[in-house]
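Here the structure comes first, spelled out in structure tokens, and everything after it is commentary.
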DNA sequence: ACTTGAGTGAGACAGACCGTATCATGTATG
DNA sequence: CATACATGATACGGTCTGTCTCACTCAAGT
């Protein structure tokens, strides 16, 4: 149901995907509270009993969604260009993800993770991927002398990512490329070696 | 029920407060999904029908909570001290609020506001107070020459506040005074006029 | 102190949702 | 074609929801 067991039966795959699509739309359109066995059944056309067979517990549906759902689609920026450009490219990609559906799923995760340890674990798993890319870029920049040696990389990461989350989650504002550019110039700029 | 109509009857005030306290504990302990007419009734000892009389809709309970609930208890820092110190004091206060119960309520608000416009309106109302203090401090600093003239105050605010939200909401980490100090030194430092 | 009006407590009620079980039907695999 | 399994459809008891009624309590004004 929720483990990493492979599903080979095409019939199972089909219904599972139908329900998952319906659940994703419900989450994005109406929030976590709308992701119910009944509503998933109605929206997907799959029988209600079948929804229960795939996910006995309501939270399992959300967890299955959240597993790959908040995938931020981050790709490593090209090498051989200035550090600031690499960071800008990465943050622009992150901003695009946050502006889109991933932002809504992430919002749902954050709201749920406060009181559900399973969702919190899923959130931690997601966090492990994205920031690692940024950390590697900054660490490489410190090692090759692009950044001043005393730079606090963890804090710098927070300073670069935090405002994006603030814009998206609290202010509900679209994150523009110009905003990312200003952000990098303001925060990363002073840390660059001359 | 939900408007700014004054309640004078002491009997009404008493039951209203009992239910509100119960609702706040439910929200803080078990999340927004737990704030139900039934559970508020059970926890407060007030009859279920009475809970319905005060808040016909379930969302009304939450809105009543959120109205003053995420109060960040920010007080203006003293004047006559360096700008960086004023900012540090204010952010430390904000961090303390976020570490406590206000952080949980804020998390709930953010999660709900994505799909509920009433909650979003309540969130906007809350946002109007806190950041204004920081903005005034920074604006005063720019006017008296503490900050370099070309400083982007809006962005600087995001850079100062964003990491705190990131720590609290995404990382579920306690925000220490040392973190605030590092944050101010890293982000505000380069903007200070020499 | 008495009366009046409003608020509350307790219980009943239908309706909807939840979770499970059953059985007939449809589908994948040998 | 035969078997095993997944699904669809339906039924069931249980719980939650929202509303109503009626007796009781409490805060007013007379």
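Chains as they are written, first to last, in my numbering: chain Z, 30 to 223; chain A, 30 to 223.
Where a beta carbon is used, it is the ideal one built from N, C-alpha and C, also for glycine.
Predicted model only: the values in this text are computed from it and were never measured.
Taking Cβ-Cβ distances shorter than 9 Å, what residues in chain Z pair up with residue i?
i, result
"residue 196/A", "187 and 191"
"residue 156/A", "199 and 200"
"residue 219/A", "215, 216, 218, 219 and 220"
Would a C-beta distance cut-off of 8 Å place residue i and residue j closer than the cut-off?
i, j, result
"residue 140/Z", "residue 190/A", "no"
"residue 112/A", "residue 47/A", "no"
"residue 87/Z", "residue 117/Z", "no"
"residue 36/A", "residue 95/A", "no"
"residue 162/Z", "residue 105/Z", "yes"
"residue 120/A", "residue 193/A", "yes"
"residue 152/A", "residue 142/A", "yes"
"residue 59/Z", "residue 215/A", "no"
"residue 209/Z", "residue 124/Z", "yes"
"residue 154/Z", "residue 199/A", "no"
"residue 55/A", "residue 41/A", "no"
"residue 211/Z", "residue 184/A", "yes"
"residue 57/A", "residue 130/A", "yes"
"residue 166/A", "residue 82/A", "no"
"residue 148/A", "residue 221/A", "no"
Between which two residues does the alpha helix (DSSP H) holding residue i run?
i, result
"residue 240/A", "In the structure as shown, chain A starts at 30 and stops at 223, and residue 240/A therefore has no counterpart that could be examined."
"residue 159/A", "159-172"
"residue 139/Z", "130-142"
"residue 156/A", "146-156"
"residue 52/A", "39-59"
"residue 71/A", "66-73"
"residue 212/Z", "206-216"
"residue 102/Z", "From DSSP, residue 102/Z is part of no alpha helix (DSSP H); its letter is neither H nor E."
"residue 177/Z", "Premise fails: residue 177/Z is in no alpha helix (DSSP H) and is neither H nor E."
"residue 78/Z", "77-83"
How would you list, in chain order, the residues of chain Z whose beta-carbon sits under 8 Å from the beta-carbon of residue i?
i, result
"residue 212/A", "184, 187 and 188"
"residue 37/A", "Near residue 37/A there are no residues of chain Z at all, since even the closest Cβ is about 36 Å away, more than 8 Å."
Does the beta-carbon of residue i have 16 or more other beta-carbons within 10 angstroms, so that it is buried, or is it exposed?
i, result
"residue 108/A", "exposed"
"residue 196/Z", "buried"
"residue 213/A", "buried"
"residue 218/Z", "exposed"
"residue 205/A", "exposed"
"residue 67/Z", "exposed"
"residue 160/A", "buried"
"residue 61/Z", "buried"
"residue 43/A", "exposed"
"residue 76/Z", "exposed"
"residue 170/Z", "buried"
"residue 51/Z", "buried"
"residue 232/A", "Residue numbering for chain A in the displayed model covers 30 to 223; residue 232/A lies beyond these limits and cannot be assessed."
"residue 90/Z", "buried"
"residue 33/A", "Caution is warranted here: a pLDDT of 45 is assigned to residue 33/A, below 50, making its placement in the model unreliable, and no coordinate value can be reported."
"residue 132/A", "buried"
"residue 172/Z", "exposed"
"residue 187/A", "buried"
Can you pull the chain A residues whose beta carbon is under 9 Å from the beta carbon of residue i, in chain order?
i, result
"residue 206/Z", "Per Cβ cutoff of 9 Å: no residues; residue 206/Z is ~14 Å from chain A at best."
Contact list for the region 131-154 of chain Z against chain A, Cβ threshold 8 Å: 133, 136, 137, 139, 140, 141, 142, 143, 144, 145, 149 and 152
Listed from N- to C-terminal order along the chain, which residues in the region 47-69 of chain A have their beta-carbon within a distance smaller than 9 Å of any beta-carbon of chain Z? 58, 59, 60, 61, 62 and 63
Members of the region 115-132 of chain A that neighbour chain Z once the beta carbon cut-off is set at 7 Å: none
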